[in-house]
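S.K.: Which chain is which? The protein sequence lines are Z and R, in order. Positions 194 to 402 (the numbering used here) are the ones given, in order, by the first sequence. Positions 194 to 402 (the numbering used here) are the ones given, in order, by the second sequence. Ideal placement from N, C-alpha and C gives every residue a C-beta, glycine not left out.
2 protein chains.
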Amino acid sequence: MRADAQRNAEKLRAAAAELFQERGLQVPLKEIARRAGVSHGTLYNLFGTREALIDAVVADGAARRLDEVAQQALSHDDAWEGFAHYVERLCELQATDPAVAAVVGGRYPDAERLMAVCARSMEAARRIVRRAHEAGVLRPDFTNADLVFAFAANALLARATADAAPDAWRRQVTYLLDGLRTEAARTPLPAIQPTERQVREALRSLGEA
Amino acid sequence: MRADAQRNAEKLRAAAAELFQERGLQVPLKEIARRAGVSHGTLYNLFGTREALIDAVVADGAARRLDEVAQQALSHDDAWEGFAHYVERLCELQATDPAVAAVVGGRYPDAERLMAVCARSMEAARRIVRRAHEAGVLRPDFTNADLVFAFAANALLARATADAAPDAWRRQVTYLLDGLRTEAARTPLPAIQPTERQVREALRSLGEA
DNA sequence: AGGTAAATTGACAGCAGGGTCAAGTTCGAT
DNA sequence: ATCGAACTTGACCCTGCTGTCAATTTACCT
Chain Z
194 MRADAQRNAE
204 KLRAAAAELF
214 QERGLQVPLK
224 EIARRAGVSH
234 GTLYNLFGTR
244 EALIDAVVAD
254 GAARRLDEVA
264 QQALSHDDAW
274 EGFAHYVERL
284 CELQATDPAV
294 AAVVGGRYPD
304 AERLMAVCAR
314 SMEAARRIVR
324 RAHEAGVLRP
334 DFTNADLVFA
344 FAANALLARA
354 TADAAPDAWR
364 RQVTYLLDGL
374 RTEAARTPLP
384 AIQPTERQVR
394 EALRSLGEA
Chain R
194 MRADAQRNAE
204 KLRAAAAELF
214 QERGLQVPLK
224 EIARRAGVSH
234 GTLYNLFGTR
244 EALIDAVVAD
254 GAARRLDEVA
264 QQALSHDDAW
274 EGFAHYVERL
284 CELQATDPAV
294 AAVVGGRYPD
304 AERLMAVCAR
314 SMEAARRIVR
324 RAHEAGVLRP
334 DFTNADLVFA
344 FAANALLARA
354 TADAAPDAWR
364 RQVTYLLDGL
374 RTEAARTPLP
384 AIQPTERQVR
394 EALRSLGEA
């Protein structure tokens, strides 16, 4: 790769990082090119697709943050506190960082690295849920799929209210958590459980909404 | 109004009703015209804006359904059961009927009749919340704004998962409700409360998401 | 039946975004 | 310093939507 191409790629990565954070991962590619001071043709040359650019720019950061919260959760003495903090912190990350929201929501199924991060973080979530279940603090009818959808709902709400009421999601999460304690379980759940396939499918289509 | 215009308006209303239900209120106006068998110019002639068409086609139905569930809630003997059923049924309506979702979410702020229905149904919601509070069954820190955002989150989730996991929202609602009982309240809520203004603003921007 | 106001039509313009590529420019190996 | 390959550029096309309007057709009143 020639030195000028290097430089341009760097400028594009920097511009993308800014704009992804400011305006979300769906920001028009032309704007990224504009902010980087190069033609959009160059962006297509160097990265080809939005997904490739995303992978190059935000995958690592998202992975780091997600690992960190999962780590904290598992190392917490109290299984409930670990779980609850995990949910809260992850929701906060989603509200704060569009890349994390994209990972957790499985948007951009064609972004390879992002999806790898998604898989990795779902595995961590499973462990955290299992630990809370085994400690008897998390209601037993709560499933991993439920957690995925809870995160999805939070991401959607946080995004939708980001401008006008940026903390609206916090109270919702509190209510949810209080409803997830073993002792809180009073209402029997609808029996219909989504299959693994449905969860994947649903996440995939989250992006379009 | 001439007889042919009458007929065309009728055809357009019918086509719009179908397509709004099938594909949501954001369905392209040209498609509505196509299904009605008239030119899209005619649609603009007769209705002018999407909002006017929505008002003409779905406002009454949505109002009726919303009134009905509110009525049922208030006439339930048990304040908790009334409240819980209300939340569940309203969420179901949102998942089922794009018009109700639009009303509750305050999308289409320019659709006058829809917004009137929105105001009316928020008033009903306030009464239902008050009743549950007064009976001591609903946790006292739960506010009307929280209910609005809970519905918003549900609508977003239901829409996003409509194809792949159409019942995903049900379990989430169950968890939420179990977290809303007075006895379930264990975690103190974040103190930040959105103002009335913020709630309106946030709803307004829901549409864009 | 005829005239005119009302209504319909579809071509057209505009906007926003994705994506391509021939022509021109720049790098850097020799 | 030169030359070919690598790279950049921006005009261009496409798609999908909204919205407008001059020309035409149609209803209906007399």
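#1: For residue 396 (chain Z), does the three-state DSSP call read helix, strand or coil?
#2: Along the region 373–390 of chain Z, what residues have a CB closer than 9 Å to any CB found in chain R?
#3: Within its chain, find whatever has a CB closer than 8 Å to the CB of residue 210 (chain Z); leave out the 5 residues flanking it on each side and keep chain order.
#4: Classify residue 356 (chain Z): buried if its beta carbon has 16 or more other beta carbons within 10 angstroms, exposed otherwise.
#5: If I measure Cβ to Cβ from residue 381 (chain R) and keep anything under 6 Å in the same chain, skipping five residues before and after, which residues do I get?
#6: Taking only beta-carbon positions, decide if residue 289 (chain R) is within less than 7 Å of chain Z.
#7: What residue ranges within the region 285–353 of chain R form continuous alpha helix (DSSP H) runs of no fewer than 4 residues, ordered along the chain?
#8: Take residue 206 (chain R) and list the residues in its own chain whose beta-carbon comes closer than 6 Å to its own, dropping the five residues that flank it on each side.
#9: With a Cβ-Cβ cutoff of 7 Å, do residue 332 (chain R) and residue 375 (chain R) count as a contact?
#10: Short of 7 Å in beta carbon distance, which residues of its chain neighbour residue 223 (chain Z), apart from the five on each side in sequence? Order them along the chain.
#11: Residues bridged to residue 364 (chain Z) by DSSP?
#12: Note down the Cα distance separating residue 389 (chain R) from residue 290 (chain R), rounded to an integer number of angstroms.
#13: With a threshold of 7 Å between beta-carbons, can residue 398 (chain R) be considered close to chain Z, or not?
#14: What span of residues does the alpha helix (DSSP H) with residue 267 (chain Z) cover, start to end?
#15: Between the region 307–321 of chain R and the region 346–364 of chain R, can you find at least three pairs of beta-carbon atoms closer than 8 Å?
#16: Are the region 274–287 of chain R and the region 253–264 of chain R touching, with three or more C-beta to C-beta distances below 8 Å?
#17: Using a Cβ-Cβ cut-off of less than 7 Å, give me the residues of the region 216–232 of chain R that come near chain Z, in sequence order.
#18: Let me check understanding here. Comparing Cα to Cα, which of Z:198, Z:288, Z:201 lies closest to residue 214 (chain Z)?
#19: Can you tell me whether DSSP reads residue 374 (chain Z) as helix, strand or coil?
#20: At a cut of 8 Å, does the region 293–304 of chain R reach the region 266–275 of chain R through at least three beta carbon pairs?
#21: Run the CB neighbour count on residue 266 (chain R), radius 10 Å, all protein chains shown included, and call it buried at 16 or more, exposed below.
#22: Of all the residues that make up the region 336–365 of chain R, which are near chain Z by a beta-carbon distance shorter than 7 Å?
#23: How about residue 399 (chain R) and residue 319 (chain R): are their beta carbons less than 7 Å apart?
#24: In terms of residue numbering, what span does the alpha helix (DSSP H) encompassing residue 225 (chain Z) cover?
#25: Kindly indicate which three-state DSSP category residue 214 (chain Z) falls into: helix, strand or coil?
#26: Would residue 225 (chain R) and residue 212 (chain R) be called neighbours here (beta carbons separated by less than 7 Å)?
#27: Which two residues bound the contiguous alpha helix (DSSP H) that contains residue 382 (chain R)?
#28: In angstroms, rounded to a whole number, what distance separates the CA positions of residue 371 (chain Z) and residue 338 (chain Z)?
#29: Near residue 236 (chain R), what residues of its chain come up, given a Cβ to Cβ distance below 7 Å and the 5 sequence neighbours on each side ignored?
#30: When you compare each of R:335, R:385, R:286 to residue 349 (chain R) by their alpha carbons, which one comes out closest?
#31: Please check if any C-beta of chain R sits within less than 7 Å of the C-beta of residue 304 (chain Z).
#32: I need the straight-line Cα distance from residue 196 (chain Z) to residue 229 (chain Z), nearest angstrom please.
#33: Taking a contact to mean a Cβ-Cβ separation below 7 Å, would you say residue 248 (chain R) touches residue 200 (chain R) in this structure?
#34: By DSSP, does residue 235 (chain R) sit in helix, in strand, or in coil?
#35: Taking residue 369 (chain Z) and residue 353 (chain Z) to be in contact with their CB atoms under 8 Å, please state how far apart those CB atoms are, rounded to whole angstroms.
#36: From the DSSP output, in three-state form, read off residue 208 (chain Z) for me.
M.R.: If we stick to the structure as given:
#1: helix
#2: 373, 374, 376, 377, 378, 379, 380, 381, 382, 383, 385, 386, 387, 388, 390
#3: 250, 251
#4: exposed
#5: none
#6: no
#7: 291–298, 305–327, 337–353
#8: Around residue 206 (chain R), the same chain offers 250 as residues with beta carbons nearer than 6 Å, after the five sequence neighbours per side are excluded.
#9: yes
#10: 233
#11: Partner(s): none; residue 364 (chain Z) has no beta bridge.
#12: 26 Å
#13: yes
#14: 243–268
#15: no
#16: Cβ pair count under 8 Å is three or more, so yes.
#17: none
#18: Z:288
#19: Residue state, collapsed to three classes: strand.
#20: no
#21: buried
#22: 339, 342, 343, 345, 346, 349, 350, 352, 353, 354, 356, 357, 358, 360, 361, 363, 364, 365
#23: no
#24: 222–229
#25: In the structure shown, residue 214 (chain Z) sits in a helix (DSSP, three-state: H, G or I).
#26: yes
#27: DSSP places residue 382 (chain R) in no alpha helix (DSSP H); its state is neither H nor E.
#28: 18 Å
#29: 205, 222, 225, 226
#30: R:286
#31: At a cut-off of 7 Å, the C-beta of residue 304 (chain Z) has no neighbouring C-beta in chain R.
#32: 16 Å
#33: no
#34: helix
#35: Not confirmed; about 17 Å, so no contact.
#36: helix
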